[in-house]
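Reading through the C-alpha cells given below for one structure.
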Amino acid sequence: MQSASHIYLRSDRTQKLKDFAGYQKGHRLPERIDAYSKRYLGEIGQGELKAEMDRVFNLLRNHYSYKRKELESSISPEGEAVIHTPAFSYRVSLHLDETDLTRAIVKRELSPEDLESIKKPAFELVFPKMFDTLLVEWEEPLDLIALIDRLEDDPIANTKMTISSDNSYMDLNIGGFPGVMRLEAKTLEITGLNLSAVSMLEQFAKFQAKVQPEGN
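With our numbering as the guide, the letters of the sequence shown map in order to residues 2 to 217.
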C-alpha cells in the first residue's frame with residue numbers, strides 16, 4: 002500500500018485589500034509583488050490574523066479542552082499566523098493575488114499529527130467546513146500509468162475514471178462522491194465544496210481500500 006508522508010487540509014479564499022481592517026483610505030495599492038507589497042499586506046492584515054488566532058485559540062480550549070500551556074500561537078509581520086496544538090498545527094497566511102493585485106488570497110492549512118483528532122466532533126465545532134481540499138503527499142512516487150492500466154483491465158464497481166491525455170493525472174469518483182479526487186505520481190488531492198474533513202478522510206480511506214496498487 003502506498004504510504005503517505007504528509008497529509009494536509011487546505012482552503013484558499015480571496016479578499017479585497019480595501020476590506021482589511023488595516024487598510025486606510027488613501028493607501029497606495031501594490032502595483033507588483035515584491036518585499037514591500039508583502040510587508041504592506043502583512044500590516045493591513047494584522048487585525049484579521051489576530052482575530053482569527055484569538056477565535057481559534059479559545060475554541061480549541063473549549064472544545065478540545067486544551068490548556069493554555071498546550072497551545073502555542075504566533076503572528077509574523079509578513080502576514081502569517083500559526084497555532085500549534087498537541088494534535089495538529091493550523092496556519093493562516095496572506096498572499097497577493099497574482100492575477101488581481103487589488104485582492105489577497107487567504108490561505109488556511111492544517112497539518113495533523115494525529116488523524117483521529119480530525120474525526121472528533123470537536124473538529125467541526127472549531128473548523129466548521131472550513132477546508133475544501135485534502136492533500137496527501139506520497140513517500141515514494143506512484144507508478145500512475147501502471148495503476149491506470151490495472152484499473153482499465155479490472156474496473157472497480159461504482160467508480161468513474163478520467164485520464165489526462167499525457168497520463169500526468171487521473172480523476173476518480175468513487176460511489177458518487179460529490180467532489181473530485183485527483184491522483185498524480187506524487188500527490189492525491191481530494192476537493193469538494195461544503196464537505197466536512199471527515200467526509201474527505203472517508204474518501205481517502207476508500208481510495209486506500211479499493212484503488213491503491215497491491216503490494217505498494
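C-beta: ideal position from N, C-alpha, C; glycine also. Keep in mind the model is a prediction, meaning the values are calculated, not measured.
Rounded C-alpha distance that separates residue i from residue j
i: Gly80; j: Ser197; result: 27 Å
i: Lys109; j: Lys211; result: Note that residue 109 is Arg in the sequence shown, not Lys. Going from the Cα of Arg109 to the Cα of Lys211 covers about 30 Å.
i: Leu152; j: Ala206; result: 18 Å
i: Val137; j: Leu145; result: 15 Å
i: Leu10; j: Asp98; result: 21 Å
i: Thr160; j: Arg183; result: 13 Å
i: Thr188; j: Pro113; result: 17 Å
i: Leu102; j: Lys120; result: 37 Å
For residue i, three-class secondary structure by DSSP
i: Asn159; result: coil
i: Gln25; result: coil
i: Lys19; result: helix
i: Val83; result: strand
i: Arg92; result: strand
i: Lys68; result: coil
i: Leu42; result: helix
i: Gly50; result: A small fix is needed here, since residue 50 is Leu in this sequence, not Gly. If DSSP states are grouped into helix, strand and coil, Leu50 belongs with the helices.
i: Asn217; result: The predicted position of Asn217 is uncertain, since its pLDDT is 48 and thus under 50; no value can be drawn from it.
i: Leu202; result: helix
i: Glu73; result: strand
i: Leu4; result: What sits at residue 4 in the sequence shown is Ser, not Leu. Looking at Ser4 - three-state DSSP - the assignment turns out to be coil, as it is neither helix nor strand.
i: Ser12; result: strand
i: Leu97; result: strand
i: Leu102; result: strand
i: Glu110; result: strand
i: Leu194; result: coil
i: Ile34; result: coil
i: Asp115; result: coil
Residue closest to residue i, alpha-carbon to alpha-carbon, out of the options
i: Met131; options: Val57, Thr103, Ala82, Thr188; result: Val57
i: Gly27; options: Lys19, Arg33, Ile34; result: Lys19
i: Val181; options: Ser90, Phe208, Glu99; result: Phe208
i: Glu53; options: Asn195, Asp172, Ile84; result: Ile84
i: Gly193; options: Arg14, Pro179, Val199; result: Pro179
i: Leu1; options: Gly46, Glu140, Pro87; result: Any question about residue 1 goes unanswered here, given that the chain covers just 2 to 217.
i: Tyr67; options: Pro142, Leu50, Ile164, Phe89; result: Phe89
Cβ distance (whole Å) where residue i is taken to contact residue j below 8 Å
i: Glu185; j: Ser169; result: 7 Å
i: Val127; j: Leu60; result: 4 Å
i: Ala105; j: Gln16; result: 5 Å
i: Ala123; j: His64; result: 4 Å
Which full runs of the alpha helix (DSSP H) of 4+ residues lie inside the region 121 to 192, going along the chain? If we require 4 residues or more, the alpha helix (DSSP H) runs fully inside the region 121 to 192 come out as 122 to 127, 145 to 154.
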